[in-house]
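Read top to bottom, the protein sequences are chains A and B.
Going by our numbering, the first sequence opens with residue 1, and the numbers climb by one from there.
Going by our numbering, the second sequence opens with residue 345, and the numbers climb by one from there.
Number of protein chains: 2
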Amino acid sequence: MPSHAPRSQTVKVKDVAREAGVAVGTVSRVLNDHPAVTRELRERVERAMAQLGYEVDVTAQSMRAGRSRLVACAIRDFDIPRFALFIKEAEAVLREAGYTLLLASTTNRPEIEIALLRGFRRRRVDGVMMTLSDEQHRDVREALSEAPMPVLLIDRDRIEALDRVTADHRAGARLAISHLLGLGHRRIAMLVGDLKAFPSRSRLEGFRAAYAEAGIAPDPRLLRDDVLSSEDAYRATASLMSLAEPPTALFVAAMDTLSGCLRALRTMGVAVGDGISVVAGSDSDLAELYTPPITAIAWDLSAMGRHAATMLLERMRGDEIERGRGLTVPTELIIRGSSRPFAG
Amino acid sequence: MPSHAPRSQTVKVKDVAREAGVAVGTVSRVLNDHPAVTRELRERVERAMAQLGYEVDVTAQSMRAGRSRLVACAIRDFDIPRFALFIKEAEAVLREAGYTLLLASTTNRPEIEIALLRGFRRRRVDGVMMTLSDEQHRDVREALSEAPMPVLLIDRDRIEALDRVTADHRAGARLAISHLLGLGHRRIAMLVGDLKAFPSRSRLEGFRAAYAEAGIAPDPRLLRDDVLSSEDAYRATASLMSLAEPPTALFVAAMDTLSGCLRALRTMGVAVGDGISVVAGSDSDLAELYTPPITAIAWDLSAMGRHAATMLLERMRGDEIERGRGLTVPTELIIRGSSRPFAG
DNA sequence: GAATTATGATGAACCGGTTCATTGACTCCG
DNA sequence: CGGAGTCAATGAACCGGTTCATCATAATTC
Chain A
1 MPSHAPRSQT VKVKDVAREA GVAVGTVSRV LNDHPAVTRE LRERVERAMA
51 QLGYEVDVTA QSMRAGRSRL VACAIRDFDI PRFALFIKEA EAVLREAGYT
101 LLLASTTNRP EIEIALLRGF RRRRVDGVMM TLSDEQHRDV REALSEAPMP
151 VLLIDRDRIE ALDRVTADHR AGARLAISHL LGLGHRRIAM LVGDLKAFPS
201 RSRLEGFRAA YAEAGIAPDP RLLRDDVLSS EDAYRATASL MSLAEPPTAL
251 FVAAMDTLSG CLRALRTMGV AVGDGISVVA GSDSDLAELY TPPITAIAWD
301 LSAMGRHAAT MLLERMRGDE IERGRGLTVP TELIIRGSSR PFAG
Chain B
345 MPSHAPRSQT VKVKDVAREA GVAVGTVSRV LNDHPAVTRE LRERVERAMA
395 QLGYEVDVTA QSMRAGRSRL VACAIRDFDI PRFALFIKEA EAVLREAGYT
445 LLLASTTNRP EIEIALLRGF RRRRVDGVMM TLSDEQHRDV REALSEAPMP
495 VLLIDRDRIE ALDRVTADHR AGARLAISHL LGLGHRRIAM LVGDLKAFPS
545 RSRLEGFRAA YAEAGIAPDP RLLRDDVLSS EDAYRATASL MSLAEPPTAL
595 FVAAMDTLSG CLRALRTMGV AVGDGISVVA GSDSDLAELY TPPITAIAWD
645 LSAMGRHAAT MLLERMRGDE IERGRGLTVP TELIIRGSSR PFAG
């Protein structure tokens with residue numbers, strides 16, 4: 001008798017079938033709401049399940065079915081407060097549809113993105129939504145094209161035929177810069193994140209579009225990219241304000257880096273509003289409640305999460321929809337006291 | 345020939361075994377780093393795996409092994425920015441150990457907590473860390489005691505023999521209130537969250553301890569509980585400031601509700617620092633950068649996440665450790681400009 | 001050199017639901 | 001009344017790795 005493995009004392013379909021006096025197939029049909037089960041048998045099976053305290057084993061179900069009812073979300077760093085809104089909404093929508101959310105952080109590194117994709121595949125994850133550190137990265141693109149499950153990109157450029165949900169950062173940045181130009185500013189500095197990724201690229205485009213529209217040439221020395229953390233923003237701001245000809249306005253376009261910029265200005269004794277106009281690339285409690293309140297770009301991250309989950313669900317359902325759909329959430333400029341006319 | 349199910353064209357151990365000219369058991373041993381495999385066979389198998397692009401199926405592994413290498417984290421609402429720090433650290437530790445994080449939000453409702461626990465069980469999740477809306481809830485306690493996997497409580501009171509990681513909210517609140525009493529304040533209001541849960545209860549204890557120590561009786565009308573959102577804080581603050589005898593100091597102990605309180609004060613034209621002293625129950629960029637900067641209680645949420653994951657890993661490993669371990673992270677008071685001597 | 005032991009490899013059973021070809025009972029119709 | 005058609009229920013095969021009793025071979029001992 002090759003017994004093996006420890007006998008688990010949990011209740012299985014077989015036990016339920018015995019208790020109810022039916023075949024295991026029938027129990028399975030009851031579990032899956034198959035129509036071809038007489039009410040009487042259904043009730044008997046349900047009674048047996050309750051009696052024995054039966055609980056399906058999702059692993060076993062996934063085994064045969066080939067799908068796990070898991071959806072993975074991998075983002076750069078869930079340390080970004082506003083991003084929690086995205087996850088929160090996405091999780092709600094997915095849970096409603098019977099899916100469970102797997103969460104992972106890529107720390108913005110391609111090799112981790114690739115490793116995560118492999119892990120998701122191993123787990124038979126049914127769908128993925130993720131950010132990418134670099135849409136052009138060869139190995140990442142290859143990993144994406146080899147992924148057997150649908151992948152939806154979060155706030156990233158179009159890749160092949162992947163669905164995507166984005167915010168209109170280009171329009172937002174353009175609004176912000178036009179606003180500052182309209183106030184008479186000519187030396188406008190901008191802090192952006194990684195130009196290898198869509199949001200920063202779009203913001204830079206918006207920046208340039210606004211300048212072009214005004215027929216003015218921006219000073220390239222006032223651009224600081226690769227600002228990914230509050231600390232980076234601190235250093236960038238400090239360096240900008242130390243220039244011989246410092247900027248008169250500052251567009252802090254990188255996500256969640258406003259605090260570092262404000263700390264730097266405070267340290268250097270530059271008054272926000274008077275000494276320098278400031279526009280934040282994403283809204284926050286801090287922007288709203290700072291003194292003076294800070295003009296900011298806002299967009300609906302909850303809606304992005306909701307749409308991302310919904311689109312992914314449709315794709316997983318295998319609906320006949322065109323590939324490579326994109327949904328863009330609008331951005332708006334909330335004008336507050338931190339952006340004032342240039343009083344040169 | 346009862347074929348069934350669509351032939352998946354993925355590579356399986358069987359294929360690897362054939363390609364390498366060994367038995368499936370040998371392939372499995374290579375996969376699991378079993379020592380009893382000669383170097384030669386191991387290499388042949390590995391070559392075959394690379395050749396065929398083989399990838400293990402974690403679902404199938406879980407099937408037999410009975411464990412999923414999944415760890416679930418269920419919290420009230422991951423909309424709380426600072427909580428992201430906890431999750432971030434916990435995920436890093438778990439990933440390092442080969443586990444994947446499942447995330448869910450309880451929205452602070454017992455029935456959802458119970459449903460989530462059931463779902464985790466169905467998925468054979470290996471370990472759980474979670475908050476609870478109410479440690480005393482009968483059905484939740486029952487669900488917890490029936491959980492077959494270890495559960496670690498996040499910032500909650502001791503339940504049975506469950507491990508827990510907490511912050512010393514009692515000490516933090518006591519420091520805050522003693523600080524305000526020391527400044528001469530006698531009418532100190534406090535906003536706390538749900539008193540059914542540990543953090544708010546502890547803060548209330550600390551509040552009372554500080555008053556008792558000073559030999560003064562607090563005015564019970566200045567306590568507002570069930571403050572769970574920024575909007576709640578707005579209303580509570582407004583109502584407090586409308587009292588015939590308004591408080592001279594405000595301890596905003598509920599998590600992530602400072603913004604609502606500040607909005608209310610601004611709306612009512614009460615100057616923070618002058619008109620009323622304010623202490624925040626948790627630190628944030630907003631507290632640090634507000635004008636005036638706001639005195640706050642701080643503790644290390646990253647450390648909590650790290651410890652939670654580590655303790656849970658030990659427990660899952662089945663180490664012989666005493667049950668019901670508790671780890672408490674210290675809190676500190678960061679004194680800033682928002683708390684000033686009472687100038688009655 | 002025969003017997004004993006150590007070591008590596010094998011492959012069928014197993015984990016726990018799901019699926020579908022088959023069976024049995026019952027209905028409908030000419 | 002017999003044959004075709006319906007419908008519910010059955011249970012063995014299956015999903016894809018893991019495990020362990022068994023076997024083959026090599027190493028060691030006397």
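Just so you know, even glycine gets a beta-carbon here, dropped at the ideal spot from N, CA and C.
These numbers come from a predicted model, not from an experiment.
Cβ-based burial, residue i [other Cβ within 10 Å; buried from 16]
| i | result |
| --- | --- |
| A:Lys14 | exposed |
| B:Leu606 | buried |
| B:His651 | buried |
| B:Leu677 | buried |
| B:Glu575 | exposed |
| A:His4 | Unreliable placement is indicated for A:His4, whose pLDDT of 29 sits below 50; the coordinate value is still reported in the next sentence. With fewer than 16 other Cβ atoms within 10 Å, it is exposed. |
| B:Ser352 | Residue confidence for B:Ser352 is low, a pLDDT of 47 falling below 50, so the modelled location carries little weight and cannot support an answer. |
| B:His523 | buried |
| B:Glu589 | exposed |
| A:Asp57 | buried |
For residue i: DSSP bridge partner residues
| i | result |
| --- | --- |
| A:Arg340 | Partner(s): none; A:Arg340 has no beta bridge. |
| B:Pro471 | Note on residue identity: the sequence assigns Gly, not Pro, to residue 471 of chain B. Answer is B:Val415, bridged to B:Gly471. |
| A:Phe198 | Paired residue(s): none; A:Phe198 is not in a bridge. |
| B:Phe595 | B:Met534 and B:Val623 |
| A:Ile334 | A:Ala296 |
| B:Ala448 | B:Ala418 |
| A:Leu223 | A:Met190 |
Which listed residue (the options) has its alpha carbon closest to that of residue i
| i | options | result |
| --- | --- | --- |
| A:Met255 | A:Leu191, A:Leu240, A:Val27 and A:Gly269 | A:Leu191 |
| B:Ala696 | B:Ala520, B:Gly410, B:Ala653 and B:Met585 | A question about residue 696 of chain B goes unanswered here, because the residues of chain B that appear run from 345 up to 688. |
| A:Ile154 | A:Glu142, A:Arg208 and A:Asp168 | A:Asp168 |
| A:Arg122 | B:Met473, B:Leu519, B:Val495 and B:Gly397 | B:Gly397 |
| B:Ala441 | B:Phe427, B:Arg413 and B:Glu457 | B:Arg413 |
| A:Ser145 | A:Arg118, A:Ala171, A:Pro35 and A:Thr166 | A:Arg118 |
| B:Leu514 | B:Ile458, B:Leu566, B:Gly550 and B:Gly365 | Before going further, note that residue 514 of chain B is Arg rather than Leu in the sequence given. Of the listed residues, the one whose Cα sits closest to B:Arg514 is B:Gly550. |
| A:Leu94 | B:Leu438, B:Ala436 and B:Leu447 | B:Leu447 |
| A:Ser338 | A:Leu250, A:Asp285 and A:Ser202 | A:Leu250 |
| A:Ile177 | A:Asp57, A:Glu55 and A:Gly281 | A:Gly281 |
| A:Asp139 | A:Asp319, A:Ser239, A:Ala115 and A:Glu19 | A:Ala115 |
| A:Val125 | A:Arg44, A:Leu183 and A:Cys73 | A:Cys73 |
| A:Arg42 | A:Glu320, A:Gln61, A:Glu19 and A:Arg64 | A:Glu19 |
| A:Pro385 | A:Thr10, A:Ala303 and A:Glu314 | The structure shown does not extend to residue 385 of chain A, since chain A is modelled only from 1 through 344, so no value can be given for it. |
| A:Tyr99 | A:Glu111, A:Val128, A:Asp79 and A:Glu113 | A:Val128 |
| A:Arg340 | A:His185, A:Lys12, A:Ala233 and A:Arg156 | A:His185 |
| B:Tyr578 | B:Leu567, B:Leu609, B:Ala361 and B:Ala554 | B:Leu609 |
| A:Asn108 | A:Ala92, A:Ala236, A:Tyr211 and A:Met130 | A:Met130 |
| B:Arg568 | B:His378, B:Phe542, B:Ile532 and B:Arg383 | B:Ile532 |
Coil, strand or helix - residue i by DSSP
| i | result |
| --- | --- |
| A:Met268 | coil |
| B:Leu527 | coil |
| A:Ala326 | Strictly speaking, residue 326 of chain A in this sequence is Gly, with Ala absent from that position. DSSP places A:Gly326 in strand when its eight states are reduced to three. |
| B:Leu587 | coil |
| B:Asp512 | coil |
| A:Arg29 | helix |
| A:Asp155 | coil |
| B:Asp507 | strand |
| B:Ala441 | coil |
| B:Lys432 | helix |
| B:Arg607 | helix |
| B:Lys358 | helix |
| A:Asp285 | helix |
| A:Ala23 | coil |
| B:Leu572 | coil |
| A:Leu301 | helix |
| A:Gly273 | coil |
| A:Val37 | coil |
| A:Met63 | helix |
Anticipated Cβ contact below 8 Å, residue i with residue j, distance rounded
| i | j | result |
| --- | --- | --- |
| A:Ala214 | A:Leu181 | 5 Å |
| A:Gly305 | A:Ala36 | Contact doesn't hold; Cβ gap of about 39 Å is too wide. |
| A:Asp134 | A:Ser105 | About 16 Å; that fails the 8 Å criterion. |
| B:Val623 | B:Thr639 | 5 Å |
| A:Val30 | A:Val45 | 4 Å |
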